[in-house]
DNA sequence: GACATTTAAACTACATCATAGAGTAAATGG
DNA sequence: CCATTTACTCTATGATGTAGTTTAAATGTC
């Protein structure tokens with residue numbers, strides 16, 4: 001294979017959601033962002049399993065935040081895309097773009 | 112889930128390659144198109160397994176062509192995207208696009 | 001301060017998807 | 001009729017995707 005690990009479909013979705021959320025990306029917000037953008041409602045187990053795998057692959061890093069002063073404000077595990085993760089998602093999406101170029105797909109045409 | 116089956120990463124790549132190839136999509140050309148657009152070199156087994164799965168899901172149809180008058184011109188199995196397949200790939204790619212909107216990814220910004 | 005409630009994460013088990021590798025089939029050319 | 005070429009099929013296994021259940025850690029109430 002050319003370079004780096006390949007990404008599964010849901011892995012790409014999760015990486016993009018983390019990217020969108022910036023410094024507020026943890027399990028619950030990531031799931032909510034995915035629902036907002038894709039109408040999917042990933043089960044908690046699905047999400048955390050994938051997050052662990054992405055961390056094992058070295059595409060994201062996680063740090064444990066401080067508990068917040070609100071009922072149930074348990075410490076959150078924040079995720080960040082690192083440079084390797086950014087490269088991987090960019091490569092994957094550019095492949096789709098090259099395949100889409102010249103195709104006529106309703107709502108997905110590139111200028 | 113909202114509507115229709117979800118697509119794996121490679122399934123999307125294969126569907127898009129079939130779309131690009133129009134009426135000349137069969138195993139070998141599909142593999143070549145994938146290599147041209149993504150630098151990946153899928154093994155034959157990987158490709159045909161995925162094609163079979165896509166047909167089982169009702170996203171593509173296949174018909175057997177006539178043998179061609181050339182050395183090794185064995186009959187080809189041609190694949191076509193049907194309306195369900197077109198809807199599925201469109202939906203999947205629109206999800207990516209919504210996630211990408213507003214993100215700054217080098218080489219992937221949308222106007 | 002015991003205990004219910006809320007928010008969040010971890011664990012377990014299983015289904016689906018991805019992939020390689022080896023093998024089979026059907027055509028032509030010498 | 002056998003080697004060569006093009007193309008597809010079969011089998012086994014690892015990677016990804018998913019649900020469901022359980023655990024953890026905070027606050028609010030009585």
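Residue numbers (my numbering), protein chains in the order written: chain A, 1 to 111; chain B, 112 to 222. Beta carbons: idealized from backbone N, C-alpha and C, even for Gly. Only a predicted model underlies this, so the values are computations on that prediction, with no experimental measurement involved.
Rounded to whole angstroms, what's the CA-CA distance from residue i to residue j? Just pull it up for me.
i, j, result
"residue 120 of chain B", "residue 132 of chain B", "19 Å"
"residue 196 of chain B", "residue 82 of chain A", "34 Å"
"residue 160 of chain B", "residue 167 of chain B", "11 Å"
"residue 112 of chain B", "residue 33 of chain A", "Model confidence at residue 112 of chain B stands at a pLDDT of 38, short of 50, so the residue's coordinates are unreliable; what they give is reported in the following sentence. Their Cα atoms are separated by approximately 16 Å."
"residue 214 of chain B", "residue 109 of chain A", "19 Å"
"residue 58 of chain A", "residue 89 of chain A", "13 Å"
"residue 130 of chain B", "residue 157 of chain B", "19 Å"
"residue 93 of chain A", "residue 107 of chain A", "17 Å"
"residue 184 of chain B", "residue 116 of chain B", "36 Å"
"residue 125 of chain B", "residue 68 of chain A", "46 Å"
"residue 141 of chain B", "residue 128 of chain B", "6 Å"
Tell me where the beta strand (DSSP E) around residue i begins and ends.
i, result
"residue 64 of chain A", "60-64"
"residue 77 of chain A", "77-81"
When we look at the beta-carbon of residue i and count the other beta-carbons within 10 Å, is it buried (16 or more) or exposed?
i, result
"residue 122 of chain B", "buried"
"residue 153 of chain B", "buried"
"residue 28 of chain A", "exposed"
"residue 181 of chain B", "exposed"
Does chain B have any CB closer than 8 Å to the CB of residue i?
i, result
"residue 45 of chain A", "no"
"residue 107 of chain A", "yes"
"residue 25 of chain A", "no"
"residue 8 of chain A", "yes"
"residue 38 of chain A", "yes"
"residue 35 of chain A", "no"
"residue 85 of chain A", "no"
"residue 31 of chain A", "no"
"residue 5 of chain A", "no"
"residue 21 of chain A", "no"
"residue 88 of chain A", "no"
"residue 18 of chain A", "no"
"residue 1 of chain A", "In this prediction, residue 1 of chain A scores a pLDDT of 40, lower than 50, which makes its location untrustworthy; the coordinate-derived value is nonetheless stated afterwards. So yes, residue 1 of chain A belongs to the interface."
"residue 100 of chain A", "yes"
Using beta carbons (cut-off 8 Å, strictly below), is residue i in contact with chain A?
i, result
"residue 206 of chain B", "yes"
"residue 179 of chain B", "no"
"residue 164 of chain B", "no"
"residue 124 of chain B", "yes"
"residue 188 of chain B", "no"
The alpha helix (DSSP H) spanning residue i covers which residue range?
i, result
"residue 47 of chain A", "44-56"
"residue 8 of chain A", "Neither: residue 8 of chain A is in no alpha helix (DSSP H) and is coded neither H nor E."
"residue 148 of chain B", "138-149"
For this session: Report yes or no: do the region 165-174 of chain B and the region 73-83 of chain A share at least 3 C-beta pairs separated by less than 8 Å?
Result: no
Exercise. So, do the region 148-162 of chain B and the region 96-106 of chain A have three or more beta carbon pairs nearer to each other than 8 Å?
Worked result: yes
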